[in-house]
Amino acid sequence: MDLLLIIFAAGLGFTAYSIVEKRVLNNIAMGRKVLLTYAIKNDKTKNELQWTGTIQRKVRIGNKSDNFVIKLNEPIIQDRSIFNEVVVRERLLGKYIGSNKATEVHLFLPKQSMIKNKYKWDAFVHVRWFTIQLQ
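This note's numbering runs 3 ahead of the 1-based position in the sequence shown.
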């Protein structure tokens, strides 16, 4: 029984630490310049597509409030549409936007202008996994 309590307390402590760490790092990221990188890997070459931009604000999508709007310096062009703003969210638990290390993120392209603070998931297209790095 004591071992079970120790395991439970350790899990609870780790969860609390993760929540605080995420909030602190996410707040550090606000207003910061970032580099978004997508690595194309095939058998013969390794090319990288890169965009720079600034983290503008957070938005809620569905029940998730930890999505960031990034204003790009150069637009992403996909399917004959031009995107000056994109939305990213962390891909892996424990790897948070705002860290000094490169962080893997999901990249979402908006189907409408980004003027609201709350959206449904069907308002976005998930493109790929990217890496984000604070500049």
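All residues carry an ideal CB built from backbone N, CA and C; glycine is no exception.
All figures in this text were calculated on a predicted structure; none of them were measured in a lab.
Exercise. First and last residue of the alpha helix (DSSP H) that includes residue 26?
Worked result: Position 23 of the sequence shown, counted from the first residue, corresponds to residue 26. Note, residue 26: alpha helix (DSSP H), 5-32.
inquiry  = For the structure I just gave you, are there three or more beta carbon pairs, one from the stretch 112-128 and one from the stretch 93-103, closer than 8 Å?
reply    = By the criterion of at least three beta-carbon pairs nearer than 8 Å, the stretch 112-128 is not in contact with the stretch 93-103.
(message) For residue 41, list the residues DSSP reports as bridge partners.
(response) Taking the sequence shown and counting its residues from 1, the one referred to as residue 41 is at position 38. DSSP lists 52 as partners of residue 41.
Point to revise | Beta-carbon spacing of residue 89, residue 73 below 8 Å | key: As a working note, residue 89 is residue 86 in the sequence shown. As a working note, residue 73 is residue 70 in the sequence shown. Contact: yes.
- [ ] Give the single residue among 58, 23 and 16 whose Cα lies nearest to the Cα of residue 32.
- [x] Here residue 32 corresponds to residue number 29 of the sequence shown, with the count starting at 1. Comparing Cα-Cα distances from residue 32 to each of 58, 23 and 16, the minimum goes to 58.
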